[in-house]
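Novice:
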Amino acid sequence: MVTDDPQTAGLLTMRGIVKQFPGARALDGVDLDIRAGEVHCLLGQNGAGKSTLIKVLAGAHQPDEGEILIDGRPVTITHPVAGLKLGIATMYQELDVVDGLSVAENVYLGHELATAGFSQRRAAIQHTRKLLARLGHSGISPRREVGTLSAAGKQIVSMARALSHDARVIVMDEPSAVLDSEEVANLFRVVRDLTAEGVAVVYISHRLEEIRQIGDRITVLKDGRTVASGLAVADTPTAELIRLMTGRNVEYAIPRRPPVADDAPTLVHVENLGLRGSFSDVSFDVRAGEVVGLAGLVGSGRSEILETVFGARKATSGRVEIGGTALRPGSVPEAVRAGIGLCPEERKSQGLLLDEPVYRNITLTSFSRTARAGFLDEAGEKREAGAQISALDVRPADGDRHARTLSGGNQQKVLLARWLVHGCRVLLLDEPTRGVDVGARAEIYALIAELAARGTAVVVVSSEIEEVLGLADRVLVVSEGRVVHEGPTSQIDEHRVLDLVMEGSAA
Amino acid sequence: MSDQDLTAKVPAADESARVENASTAVGRRSLLSGGAGRNLGLVIALVALCVVGVITAGDRFASVNNLLTILRLAAIIGVLSIGMTFVITGGGIDLSVGSVLGLASVWASTVATQTMANDTHWVVMVGVALLVGLGAGLVNGVLIAYGKVVAFIATLAMMVAARGLAEIIANRQTQIVKVQGFLDFFRADVLGIPTLVWIFVLVAVGAWILLNRTTFGRRTIAVGGNPEAARLAGINVKRHTTYLYALAGLAAGIAGVMMLGRTSAGSSTNGLYYELDAIAAVVVGGTLLAGGRGTIVGTVLGVLIFSTLTNVFTQNNLSISAQAVAKGVIIVVAVMLQQRIAERSRAST
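Sequences listed follow chains A and B, in order.
Read in order, the letters of the first sequence correspond to residues 748 to 1254 in the numbering used here.
Read in order, the letters of the second sequence correspond to residues 818 to 1166 in the numbering used here.
(1) Are the CB atoms of Val917/B and Ala974/B within a distance shorter than 7 Å?
(2) Can you name the residues of chain A whose CB is closer than 8 Å to the CB of Gly1042/B?
(3) Does Gln809/A pass the burial test, meaning 16 or more other C-beta atoms within 10 Å, or should it be called exposed?
(4) Does any residue of chain B have a CB that is nearer than 7 Å to the CB of Gln809/A?
(5) So, for Lys766/A: in the same chain, excluding its five sequence neighbours on each side, which residues have a beta-carbon less than 7 Å away from its beta-carbon?
(6) To be precise: take each residue of the segment 1071-1086 of chain A, compare its Cβ to all Cβ atoms of chain B, and keep it if any distance is under 7 Å. Which residues remain?
(7) Can you name the start and end residues of the beta strand (DSSP E) that Val967/A belongs to?
(8) Within this structure, are the beta carbons of Gly1034/B and Ala946/B separated by less than 7 Å?
(9) Thinking Thr1032/B and Ser1115/A are a contact (beta carbons under 8 Å), I'd like their distance in whole angstroms, please.
(10) Suppose contacts are defined by Cβ-Cβ distances below 7 Å. Is Val924/B in contact with Val996/B by that definition?
(11) Residues of chain A with CB closer than 8 Å to the CB of Leu1049/B, please, in chain order.
(12) Under a three-way DSSP split, which group does Arg1060/A fall into?
(13) Please confirm whether Ala1098/B and Ser898/B have their CB atoms less than 7 Å apart.
(14) Nearest-angstrom Cα distance between Gly844/B and Gly1156/A?
(15) For Arg782/A, is the classification buried or exposed, using 16 other Cβ atoms within 10 angstroms of its Cβ as the cut-off for buried?
(16) Mind checking the segment 1109-1136 of chain A against chain B and listing, in chain order, the residues whose C-beta falls within less than 7 Å of any C-beta there?
(17) So which residues of chain A does Ala962/B contact, with C-beta pairs closer than 7 Å?
(18) Please work out which residues of its chain come closer than 8 Å, Cβ to Cβ, to Gly1021/A, disregarding the five sequence neighbours upstream and downstream, and give them in chain order.
(19) Whose C-beta lies closer than 7 Å to the C-beta of Phe1003/B among residues of the same chain, with five residues either side of it excluded?
(20) What does the alpha-carbon distance come out to for the pair Val749/A and Gly819/A?
(21) Tell me which residues share the same chain as Gly784/A and place their Cβ nearer than 6 Å to its Cβ, disregarding the 5 neighbours each side in the sequence.
(22) Skipping 5 residues on each side, what residues in its chain have a beta carbon closer than 8 Å to that of Leu1101/A?
(23) Check whether chain A comes within 7 Å of Ala1039/B, counting only Cβ atoms and requiring the distance to be less than that.
(24) Taking the C-alpha atoms as reference points, what is the distance between Thr862/A and Arg868/A?
(25) Using Cβ-Cβ distances below 8 Å, what residues of the segment 901-935 of chain B are close to chain A?
(26) In its own chain, which residues sit with a C-beta less than 7 Å from the C-beta of Pro740/A, not counting the 5 before and 5 after it?
(27) Go ahead and pull the three-state DSSP assignment for Asn1019/A.
(28) Just reading off the alpha helix (DSSP H) that Asp811/A is part of, what are its end residues?
(29) For Arg1165/A, go through chain B and note every residue whose CB falls closer than 8 Å to its CB, in chain order.
(30) Just to confirm the assignment, what range does the alpha helix (DSSP H) spanning Thr1080/B have?
(31) Whole angstroms is fine: what's the gap from His1169/A's alpha carbon to Thr1110/A's?
(32) Let me make sure I understand the geometry here. Which of Leu863/B, Ile986/B, Trp1015/B and Phe878/B has the alpha-carbon closest to that of Ser1084/B?
(33) Of the residues Ala1069/B, Cys867/B, Thr1131/B and Gly870/B, which one's Cα is nearest the Cα of Val904/B?
(34) Which one of Asp1240/A, Arg908/A, Val904/A and Glu957/A has the shortest CA to CA distance from Thr985/A?
(35) Would you please verify whether the beta carbon of Ala1005/B is less than 7 Å from any beta carbon of chain A?
(36) Around the Cβ of Gly1071/A, are there at least 16 other Cβ atoms within 10 angstroms (buried) or fewer (exposed)?
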């Protein structure tokens, strides 16, 4: 039945996995085979079934059909603990660590070392220290409270927990999404060490260039089916991957825009803006029709700068002027009235009412204006939202659906639609394409270009330097709460930006 | 070219089929768990209770008089619960409404019996009660929204303090209101329905419009559903939160007036534990304790279920203690059913 040849025998094989949810077939025959010691990348657009697949693998969902084999023997993974016992550990995108507990307590969460109910703290701390050393992070104390660690540190804790279960397969769901480039490099080093020891890593990411760096083989999912499996990373061109993921040929390119007219008025004037403990002395102007990019690491202060300009954080120094009028610090309603819109970094927690209909999410800023004497005009709201839903091609094009049911890219479009309905002359975008699939990404790029062409001043923050340089006319490089460089994007390249970011953080 | 057409069309057809599937599921789900479906469940529970009442107490239960008794019983808690619905929908909780009801009734009756004796115009009395309620609610709201005190703690403090203040003002005595115009107003009925019940109906209708048809209601849902998203969309979350507690306080003031009208007695024990009955009615009615979803119709049905239950038990000479046990069971069953429905709708997304 199964060959004994270790070269071809899979460590873990999934065949014909089907998972039916009420109203949607999330998985419709997925095959996946994972070999020991490889980095197996799982690619697919949002909604392709990646999350459901790893939940099936972890034992959080039960498949309706299909089989899972480990070392050639069929297994059923009835619940997450069973998955862990079989050696499958999952690091979810939202890291599942408990902030109030120590590193060691988190590592042994759910399988505490104990004798007769008394926890063996010393043993747990010793073992944790060894695991952290194995991951190359002996600098983290096992006694430290996890809440005080950065996102990267929490990820290491999560990984140590996986290792504490003697995991043979570690599933990483977009591990790099919350990391800056240095931390990503470190993550890759850890992944390489793990695979060298024979651990298989299932790696999920939207960043194709990362997959090029770290991946061995690729499985591509589309609409709940495996459309390609076991592709060698080295031999598969990017265009081919995009074609497989989307089923069509997408221009991944960012549209080129004409230079901003010389007589375009200055819309945004930020002067010596500062927020204690976060950033200081930030000054920049944005003209109508101009796109300005903020590049920098996570934690450099770039998101805080956007939120302070918007009034969501109260500036401790400096001023913001929109169209020549100074804004009162710390007042979002005033910023909105002045014509600023913000699409925040965390779509779900900062942007959306997940259990409200899409149309109400779109009109969240404008419903008061549509209303007459305090009474809502729902028909008018639906009409305005509907127009944006078709203009931005939000799918499915149904304003009555709950926002929760949309994919990441479509949720981002809903947030953009909110500001388009309201009408704004300054748009602040924080990570507009994070967790957005390739197809929707191109659409969002095109939309940004179109808004700029219509005279909107746009400020974009992104972790992807390539994206900032591609979209923006000018770039501000932020490091440690300071602007370390400002200039036209045409005069700087990715490496130089990276240098500036690193230089600043070393200083 | 033709090749591209093919690849473009096939997924499109596929997609529309999936969307269609999903939307029929949404339709089916909204029948089960949407507003109408949830309320249908409550109506069925209410009808079942009435059937039990008719079987066990016969004509004593099924008389117009008894029906009015149930409604009168429901009216005061009903008004409190409607105020509570707004607070809970907005993501908060108000433990002080029972005490504020007591304080408002005591304060108003003191004004009526001591300060100006019997010639006090009833408008003054009513005004005092409403202002006391509104004021207490505003204090709650400002503490919670601007003082950043957790709602549970701030309103717990108000619950204790307002009750204490009521005792101080009343000097532990019950004051009988003898303002004739006021008493006549509450003894009257319009179209055979007592004034108390009319007030409840008016408050309920007004609240339904406020929650479902106005910008105030939409803001309440937004603030309760995701306060950060609401704030970043330009809604003044702090101000709105303050309004919500002020509204609950005002409802407690109205309930205080109703209490005075029904019993003509201003006592510091008025409304004792009513906050718990109000929270129970709101939650059983289907308003999410976590905020972001609220239903006035559900709250009204929840209140009616509890007052009918009380009535059925009383008609059968069962003790108040037995009622309490039955109430507890109803709360647990209702909340478990709601969770089941919520999980099902979440799983299908």
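Cβ atoms here follow ideal geometry from the backbone N, Cα and C, with glycine treated the same way.
Specialist: Once the coordinates are examined:
(1) In the second sequence, residue 974/B corresponds to position 157, counting from 1. In the second sequence, residue 917/B corresponds to position 100, counting from 1. No. Outside cutoff.
(2) Along the second sequence, one-based indexing puts residue 1042/B at 225. Under the 8 Å cutoff, chain A gives Leu1100, Leu1101, Asp1102 and Glu1103.
(3) Translated into positions along the first sequence, residue 809/A becomes position 62. So Gln809/A ends up on the exposed side.
(4) Position 62 of the first sequence holds residue 809/A. Judged by the 7 Å Cβ criterion, Gln809/A is not in contact with chain B.
(5) Working through the first sequence from its first residue, we reach residue 766/A at position 19. Excluding positions up to five away in sequence, the list reads Ala773, Leu774, Thr799, Val803, His808, Pro810 and Asp811.
(6) Val1079, Pro1080 and Val1083
(7) Counted from its first residue, the first sequence places residue 967/A at position 220. Where Val967/A is concerned, the enclosing beta strand (DSSP E) stretches over Arg964 to Lys969.
(8) If you number the second sequence from 1, residue 1034/B lands on position 217. If you number the second sequence from 1, residue 946/B lands on position 129. Contact: no.
(9) In the second sequence, the residue the question calls residue 1032/B occupies position 215. In the first sequence, the residue the question calls residue 1115/A occupies position 368. Contact flag correct, Cβ pair sits at about 5 Å.
(10) For this step, residue 924/B is matched to residue 107 along the second sequence. For this step, residue 996/B is matched to residue 179 along the second sequence. The residue asked about is misnamed: residue 924/B is Trp in this sequence, not Val. In this structure, Val996/B does not lie closer than 7 Å to Trp924/B by Cβ.
(11) Counted from its first residue, the second sequence places residue 1049/B at position 232. Chain A residues near Leu1049/B: Phe1057, Ala1059, Val1079, Leu1089, Pro1091, Gln1097 and Gly1098.
(12) Taking the first residue of the first sequence as position 1, residue 1060/A is located at position 313. Residue state, collapsed to three classes: coil.
(13) Walking along the second sequence from the start, residue 1098/B turns up at place 281. Walking along the second sequence from the start, residue 898/B turns up at place 81. Yes; because the gap between Cβ atoms is below 7 Å, this pair is in contact.
(14) By one-based count along the second sequence, residue 844/B stands at place 27. By one-based count along the first sequence, residue 1156/A stands at place 409. Confidence is the limiting factor: at Gly844/B the pLDDT is only 40, short of 50, which leaves the residue's position unreliable, though a coordinate-based value still follows. Cα to Cα, Gly844/B sits roughly 24 Å from Gly1156/A.
(15) Within the first sequence, the letter at position 35 stands for residue 782/A. The residue in question, Arg782/A, is buried, as its Cβ has 16 or more Cβ neighbours within 10 Å.
(16) Leu1111, Thr1112, Phe1114, Ser1115, Ala1118, Gly1121, Phe1122 and Leu1123
(17) Against the second sequence, residue 962/B aligns to sequence position 145. Those within 7 Å of Ala962/B in chain A number zero; the least Cβ separation is about 15 Å.
(18) Against the first sequence, residue 1021/A aligns to sequence position 274. Once the five neighbours on either side are set aside, the close Cβ partners of Gly1021/A are Ser1027, Asp1028, Val1029, Ala1062, Thr1063, Ser1064 and Gly1065.
(19) Taking the second sequence and counting its residues from 1, the one referred to as residue 1003/B is at position 186. Excluding residues within five positions, the ones whose Cβ falls inside 7 Å are Thr1012, Leu1013, Gly1078 and Arg1079.
(20) Reading the first sequence from its first residue, position 2 is the one you call residue 749/A. Reading the first sequence from its first residue, position 72 is the one you call residue 819/A. The predicted position of Val749/A is uncertain, since its pLDDT is 39 and thus under 50; a value taken from the coordinates is nonetheless stated next. Going by the C-alpha atoms only, they are around 6 Å apart.
(21) Here residue 784/A refers to the residue found at position 37 when the first sequence is read from its first residue. So the qualifying residues of the chain are Thr942 and Gly945.
(22) Numbered from 1 along the first sequence, position 354 holds the residue referred to as residue 1101/A. Lys1095, His1149, Ala1150 and Arg1151.
(23) Translated into positions along the second sequence, residue 1039/B becomes position 222. So yes, Ala1039/B belongs to the interface.
(24) As a working mapping, residue 862/A is identified with position 115 in the first sequence. As a working mapping, residue 868/A is identified with position 121 in the first sequence. For Thr862/A and Arg868/A, the distance between alpha carbons rounds to 11 Å.
(25) none
(26) The question about residue 740/A has no answer, for chain A in this structure spans 748 to 1254.
(27) Locating residue 1019/A in the first sequence gives position 272, where the first residue counts as 1. Asn1019/A: strand per DSSP, three-state reduction.
(28) Taking the first residue of the first sequence as 1, we reach residue 811/A at position 64. Taken as a continuous stretch (DSSP letters only), Asp811/A belongs to no alpha helix (DSSP H), as it is neither H nor E.
(29) Position 418 of the first sequence, counting from 1, holds the residue named residue 1165/A. Per Cβ cutoff of 8 Å: Ala1050.
(30) Here residue 1080/B refers to the residue found at position 263 of the second sequence. Note, Thr1080/B: alpha helix (DSSP H), Val1054 to Thr1080.
(31) By one-based count along the first sequence, residue 1169/A stands at place 422. By one-based count along the first sequence, residue 1110/A stands at place 363. Spanning the two alpha carbons is a distance of roughly 8 Å.
(32) Counted from its first residue, the second sequence places residue 1084/B at position 267. Of the listed residues, the one whose Cα sits closest to Ser1084/B is Ile986/B.
(33) Here residue 904/B corresponds to residue number 87 of the second sequence, with the count starting at 1. Comparing Cα-Cα distances from Val904/B to each of Ala1069/B, Cys867/B, Thr1131/B and Gly870/B, the minimum goes to Ala1069/B.
(34) Translated into positions along the first sequence, residue 985/A becomes position 238. Per the Cα distances, Glu957/A.
(35) Counting from 1 along the second sequence, the entry for residue 1005/B is found at position 188. Not closer than 7 Å to any Cβ of chain A, the Cβ of Ala1005/B fails to qualify, so no.
(36) Locating residue 1071/A in the first sequence gives position 324, where the first residue counts as 1. Answer is exposed; the Cβ neighbour count stays below 16.
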